[in-house]
Amino acid sequence: MSQNLSTHPSSRSRGRRSLVRAGALALALASAGQAAAQDSVTTTQLADDLYLLQAGRDGNVVLSLSEHSAVLVDAQTAAAAPAVAAAVAGLADVPVEMVLTTHYHDDHLGGNEYFRSRGATVLSHSNVPRQASADTFIAALNWTRKAAKPEALPDELIELDLEIRPGGRAISVFHFPAAHTDGDLGVFFPVANVLHAGDIVEIGAYPFVDWWAGGSLDGMIEAVGRISEIADEETKIVPGHGAVIDRAQLLAYLEMLTVVRERLAAALQREDDLETIMLNSPVAEFDAENGGPAAGRRFVGVLYLGLTGDHTP
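Written as structure tokens, this is what we have:
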């Protein structure tokens, strides 16, 4: 399905007016920078020396332990970083050597400052510093995000897929362009058969396509398809948020994204405005497992803004 979904100016105007009528301008995203401090972290073993660390609904962290050091995939929020560090210390008396950042959002990048100040090297895709360094206000979502502190920005930048071996453990790093954002990384531990997908995959809630930072629905779908090719039936797939899933569940998630794209494309070709699209909800059968009808309306509203090109800050 082509991403080039055009709308006539008249339908764009009707769409903007219906944003107000349908309440879509009240769409809101929780700011990770406003998260409260987390007192505890839930630890789940995924494989030998590989753990999932979770603090509330903010970004999932994967911890890889070797004899002399630890690697984190994402570092949670600044508020949760000390609790994440305490969880690491409870498992092994080793320093965090490296943090791999899956993308620029604060609930994945915010804790970088804490670990960097204690000697960790932070890596991300090369687009992350540009996105993270800017103050952002998105009027349509009533969402404000403050620029990350310079200390939370990466030390080293990744342009292409590569394999690294911190602590002697092979880790494959993949860039997924124009997906959740324009700087998404997936991190695969081939020996353990565990893959951290970042916010390209979200379980228990609808994903967010950050059109304002180079994301796209087509790119999300392509990225999930690529992850499904990397994974096999035994792979444990860690989403950016929510429970660990397997490849069959990933394919169901991919089907949901694909169906919604097709329905929205058809609606835009009919020149339906947002109010009409909301009334004929293209996601109704997915609402129960993704936060309910209100969450479905927010998801559709964000996709509409992006697909019609009406997503300037």
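Residue 7 is where the sequence shown starts when you use my numbering, and the numbers rise one by one after that.
Even for Gly, the Cβ is constructed at its ideal location relative to N, Cα and C.
Distance, residue j Cα to residue i Cα
i	j	result
Met284	Leu270	11 Å
Gly248	Leu191	18 Å
Asp141	Ala219	12 Å
Ala272	Thr264	12 Å
Asn199	Ser46	27 Å
Ala254	Phe143	37 Å
Arg232	Asp279	33 Å
Ile227	Phe180	15 Å
Thr1	Val289	In the structure as shown, the chain begins at 7 and stops at 319. Residue 1 is therefore absent and cannot be evaluated.
Val193	Ser178	6 Å
Ala85	Gly204	19 Å
Thr108	Glu73	24 Å
Asn148	Gly307	13 Å
Phe305	Phe214	7 Å
Val250	Val266	23 Å
Asp99	Gly246	26 Å
Gly225	His186	8 Å
Leu274	Tyr57	44 Å
Phe182	Leu166	10 Å
Thr241	Asp252	6 Å
Pro135	Val68	22 Å
Pro172	Ile209	29 Å
Leu256	Leu71	26 Å
Leu52	Ser75	18 Å
Same chain only: Cβ atoms within 8 Å of residue i, ignoring 5 sequence neighbours per side
i	result
Ala138	Tyr110, Leu115, Ala153, Ala154, Ala158 and Leu159
Phe121	Leu78, Ala81, Ala87, Ala91, Val102, Val105 and Val128
With 16 other Cβ atoms within 10 Å as the buried cut-off, status of residue i
i	result
Pro156	exposed
Glu119	buried
Gln60	buried
Gly125	exposed
Asn286	exposed
Thr50	exposed
Ala146	buried
Ala258	exposed
Gly117	buried
Thr83	buried
Nearest neighbour of residue i, chosen from the options [CA to CA]
i	options	result
Glu277	Gly302, Ser72, Leu313 and Thr108	Leu313
Glu239	Leu201, Ser222, Val215 and Glu261	Leu201
Met262	Asp252, Gln275 and Glu291	Glu291
Gly174	Pro196, Leu147, Ser234 and Ala185	Pro196
Ser322	Gly225, Leu260 and Tyr57	Here the chain comprises residues numbered 7 to 319, so residue 322 is not present and cannot be evaluated.
Asp54	Leu97, Thr48, Asp64 and Ala93	Leu97
Asp113	Gly62, Asp161, Thr48 and Val230	Gly62
Ala184	Arg171, Ser70, Pro172 and Val230	Val230
Gly315	Ser70, Ile209 and Gly221	Gly221
Distance between beta carbons of residue j and residue i, contact taken as under 8 Å
i	j	result
Ser130	Leu163	7 Å
Leu223	Leu309	6 Å
Val207	Ile243	7 Å
Asn133	Gly65	The Cβ separation is near 18 Å, so there is no contact.
Own chain partners of residue i with C-beta closer than 7 Å, once the 5 adjacent residues on each side are dropped
i	result
Arg303	Met284
Ala176	Glu169, Pro196 and Val197
Asp216	His186 and Thr187
Ala95	none
Ala93	Val47, Thr49 and Leu59
6 Å Cβ shell around residue i - same chain, five flanking residues per side excluded
i	result
Asp5	Only positions 7 to 319 of the chain appear in the structure, and residue 5 is not among them; the question remains open.
Asn296	Ala211 and Tyr212
Asp161	Thr127 and Val128
heavy atom of the ligand NAD below 7 Å from residue i C-beta
i	result
Val128	For the structure depicted, the ligand NAD is absent and the ligand set is empty, with no information on it obtainable.
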